[in-house]
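>
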Amino acid sequence: MDGVVLPRNISDIKSDIPELKGDNYKVWRDRVLLQLGWMDIDYAIRKDEPTADEVDLYEKWERSTRLSVMFIKTKISASIRGSVDQHTNVKGLLKAIDEQFVSSDKDLASTLIMQFSSIRLTEIKGVRDHIMHMRDIAAQLKDLEVTIFDSFLVHYILCTLPHKYVPFKVSYNTHKEKWSINDLMTMCVQEEGRLVMEEGEKVNLTTSVKKKDHAKDKGKGKIPATQAIKKESSCFFCKKKGHMKKDSVKFKAWLKKKGYDKPKETSGQ
Numbered sequence: 007m008d009g010v011v012l013p014r015n016i017s018d019i020k021s022d023i024p025e026l027k028g029d030n031y032k033v034w035r036d037r038v039l040l041q042l043g044w045m046d047i048d049y050a051i052r053k054d055e056p057t058a059d060e061v062d063l064y065e066k067w068e069r070s071t072r073l074s075v076m077f078i079k080t081k082i083s084a085s086i087r088g089s090v091d092q093h094t095n096v097k098g099l100l101k102a103i104d105e106q107f108v109s110s111d112k113d114l115a116s117t118l119i120m121q122f123s124s125i126r127l128t129e130i131k132g133v134r135d136h137i138m139h140m141r142d143i144a145a146q147l148k149d150l151e152v153t154i155f156d157s158f159l160v161h162y163i164l165c166t167l168p169h170k171y172v173p174f175k176v177s178y179n180t181h182k183e184k185w186s187i188n189d190l191m192t193m194c195v196q197e198e199g200r201l202v203m204e205e206g207e208k209v210n211l212t213t214s215v216k217k218k219d220h221a222k223d224k225g226k227g228k229i230p231a232t233q234a235i236k237k238e239s240s241c242f243f244c245k246k247k248g249h250m251k252k253d254s255v256k257f258k259a260w261l262k263k264k265g266y267d268k269p270k271e272t273s274g275q
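Residue 272 in my numbering sits at position 266 of the sequence shown, and the numbers go up by one each step.
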């Protein structure tokens, strides 16, 4: 094919296959089968074992099953490999691995269902990530043969939104048309933006009211400072402002001159 460079041999093909560990079986199996197809050694998976009389087909089948088994075993963790080492037929090997992970799939499905049923929108995550996360869990459950229909998913996601989205939910329920997941995401993101702006306006309004109230209360019920009193007062003796008569220097001098500053003598009785 023009413009397509095919690998010369198996070692030239780069694969992105995770090691099979127990919780990634579905992804692992799909990528292994894709890789074996790319390497053109999946004949034994697609076809049954030919008879000994069909020499050419048997040689092709034998090569396919041998290389496929070798490749698959390199992509299995040591803890799992012990239970499948005895298999030399690729179909038998894949069947043994399938049977080993049937119970794991059930456990994974139960775990995902529990996560799906308990998840709620948090302010930190945001509504877009929240919907994408729930859609991803639904997709994983579908791979495990637990189907969640989009119509149910839309209604359930709406139920996971917090109380401030109640008017938004009522608006959806009163409309005749049904939303897809993408429609729901678009509308929820818009509603989230509107709520953020509304909260900002409330904060600004509250701050403005507090400042006005503070300005009105400023100065009420407060006693003027002593310094201010002194500046407003006038001395009755010297008629100068800024001090009272008892503090006047001239008044004190006059008292001394008249002898009024001396303490009175007590009687001897």
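Glycine residues also receive a C-beta, built at the ideal position from the N, C-alpha and C atoms.
#1: Can you say whether PHE155 is buried or exposed, counting buried as having 16 or more other CB atoms within 10 angstroms of its CB?
#2: Going by beta carbon distance, what residues of the same chain come within less than 8 Å of ALA234, once the five residues before and after it are set aside?
#3: Thinking VAL160 and ILE143 are a contact (beta carbons under 8 Å), I'd like their distance in whole angstroms, please.
#4: Under 7 Å Cβ to Cβ from LYS27, same chain only, skipping five residues before and after it: list those, please.
#5: How big is the Cα-Cα spacing for ASP22 and ARG37?
#6: By how many angstroms is the C-alpha of LYS182 removed from the C-alpha of LYS112?
#7: Distance, Cα to Cα, TYR49 vs LEU40?
#8: Which one or two residues does DSSP pair with LEU26 in a beta bridge?
#9: In terms of alpha-carbon separation, which member of TYR178, HIS169, ARG52 lies closest to LEU201?
#10: For the alpha helix (DSSP H) that contains LYS32, what are its first and last residues?
#11: Specify whether the stretch 112-125 and the stretch 134-153 touch according to this definition: at least 3 beta carbon pairs, one from each stretch, less than 8 Å apart.
#12: Can you tell me where the alpha helix (DSSP H) holding ASN179 begins and where it ends?
#13: Just how far apart, CA to CA, sit HIS93 and PHE77?
#14: Whole angstroms are fine: how far does the CA of MET138 sit from the CA of VAL176?
#15: Rank MET45, SER85, ARG87, SER254 by C-alpha distance to the C-alpha of THR71 and give the top, closest one.
#16: Cβ of ILE47 within 7 Å of Cβ of LEU73?
#17: What whole-angstrom Cβ distance do ARG87 and LYS79 have, given they're in contact under 8 Å?
#18: Is the separation between the beta-carbon of LEU190 and that of THR166 shorter than 7 Å?
#19: Just confirm the distance between the C-beta atoms of CYS194 and VAL108, as a whole number of angstroms; I'd bet it's less than 8 Å.
#20: How many angstroms separate the CA atom of TYR31 from the CA atom of SER89?
#21: Please go through the same chain and pick out, in chain order, the residues whose beta-carbon is closer than 8 Å to the beta-carbon of VAL75, but skip the five residues on each side of it.
#22: Using C-beta distances below 8 Å, list every residue in its chain close to VAL33, excluding the 5 sequence neighbours before and after it, in chain order.
#23: From VAL152 to VAL61, what does the alpha carbon distance come to, in whole angstroms?
#24: Count the other CB atoms, across all protein chains shown, that sit within 10 Å of the CB of LEU261; report buried if there are 16 or more and exposed otherwise.
#25: Taking LYS97 as part of the alpha helix (DSSP H), name the residues at either end of that continuous run.
#26: Let's see if you can read the secondary structure: which residues bound the alpha helix (DSSP H) around ARG134?
#27: Report yes if the C-beta distance between CYS244 and LYS258 is below 7 Å; otherwise report no.
#28: Go through its chain and collect everything with a Cβ distance to LEU150's Cβ below 7 Å, but skip five positions before and after it.
Taking the definition as stated:
#1: Taking the sequence shown and counting its residues from 1, the one referred to as residue 155 is at position 149. With fewer than 16 Cβ atoms within 10 Å of its Cβ, PHE155 is classed as exposed.
#2: Residue numbering aside, residue 234 sits at position 228 when the sequence shown is read from its first letter. For ALA234, the predicted model reports a pLDDT of 49, less than 50, meaning its position is unreliable; a value from the coordinates is still stated below. For ALA234, where only same-chain residues beyond five positions count, there are no Cβ hits under 8 Å.
#3: Position 154 of the sequence shown, counted from the start, is the residue given in the question as residue 160. Position 137 of the sequence shown, counted from the start, is the residue given in the question as residue 143. The pair is not a contact, with the Cβ atoms about 15 Å apart (cut-off 8 Å).
#4: The count along the sequence shown starts at 1 and reaches residue 27 at position 21. The residues are SER83.
#5: Against the sequence shown, residue 22 aligns to sequence position 16. Against the sequence shown, residue 37 aligns to sequence position 31. For ASP22 and ARG37, the distance between alpha carbons rounds to 8 Å.
#6: In the sequence shown, residue 112 corresponds to position 106, counting from 1. In the sequence shown, residue 182 corresponds to position 176, counting from 1. About 38 Å.
#7: In the sequence shown, residue 49 corresponds to position 43, counting from 1. In the sequence shown, residue 40 corresponds to position 34, counting from 1. Approximately 13 Å, taken between the alpha carbons.
#8: By 1-based counting over the sequence shown, the position of residue 26 is 20. For LEU26, which the question treats as bridged, DSSP gives the partners ILE82.
#9: Position 195 of the sequence shown, counted from the first residue, corresponds to residue 201. Of the listed residues, the one whose Cα sits closest to LEU201 is HIS169.
#10: As a first step, residue 32 is located in the sequence shown; it is residue number 26 there, counting from the start. It spans 31-44 - the alpha helix (DSSP H) in which LYS32 sits, taken as one unbroken run.
#11: yes
#12: Reading the sequence shown from its first residue, position 173 is the one you call residue 179. Residues 172-180.
#13: Looking up residue 93 in the sequence shown gives position 87. Looking up residue 77 in the sequence shown gives position 71. So the two alpha carbons sit approximately 13 Å from each other.
#14: Translated into positions along the sequence shown, residue 176 becomes position 170. Translated into positions along the sequence shown, residue 138 becomes position 132. Taking the straight line joining both Cα atoms gives about 22 Å.
#15: As a first step, residue 71 must be located in the sequence shown, where it is residue number 65. Checking every option, the nearest Cα to that of THR71 belongs to MET45.
#16: The residue you call residue 47 lines up with position 41 of the sequence shown. The residue you call residue 73 lines up with position 67 of the sequence shown. The answer is yes: Cβ separation under 7 Å.
#17: Residue numbering aside, residue 87 sits at position 81 when the sequence shown is read from its first letter. Residue numbering aside, residue 79 sits at position 73 when the sequence shown is read from its first letter. Contact holds; Cβ gap of about 6 Å.
#18: Position 184 of the sequence shown holds residue 190. Position 160 of the sequence shown holds residue 166. No; because the gap between Cβ atoms is not below 7 Å, this pair is not in contact.
#19: As a working note, residue 194 is residue 188 in the sequence shown. As a working note, residue 108 is residue 102 in the sequence shown. No, CYS194 and VAL108 are not in contact; Cβ-Cβ is about 37 Å, not under 8 Å.
#20: The sequence position of residue 31 within the sequence shown is 25, counting from 1. The sequence position of residue 89 within the sequence shown is 83, counting from 1. Using only the alpha carbons, I get a separation of about 16 Å.
#21: Translated into the one-based positions of the sequence shown, residue 75 becomes position 69. Answer for VAL75: HIS93, THR94, ASN95, VAL96, LEU99, listed in chain order.
#22: Residue 33 sits at position 27 when you count from the first residue of the sequence shown. Closer than 8 Å at Cβ, skipping near neighbours: PRO24.
#23: Within the sequence shown, residue 152 is the residue found at index 146, counting from 1. Within the sequence shown, residue 61 is the residue found at index 55, counting from 1. Each residue's alpha carbon lies about 44 Å from the other.
#24: Here residue 261 refers to the residue found at position 255 when the sequence shown is read from its first residue. Exposed is the call here.
#25: Counting from 1 along the sequence shown, the entry for residue 97 is found at position 91. It spans 96-106 - the alpha helix (DSSP H) in which LYS97 sits, taken as one unbroken run.
#26: Locating residue 134 in the sequence shown gives position 128, counting from the first residue. Unbroken alpha helix (DSSP H) run through ARG134: 133-149.
#27: In the sequence shown, residue 244 corresponds to position 238, counting from 1. In the sequence shown, residue 258 corresponds to position 252, counting from 1. No, these two residues do not count as a Cβ contact at 7 Å.
#28: Indexing the sequence shown from 1 puts residue 150 at position 144. Excluding sequence neighbours, LEU150 sits near ASP111, LEU114, ALA115.
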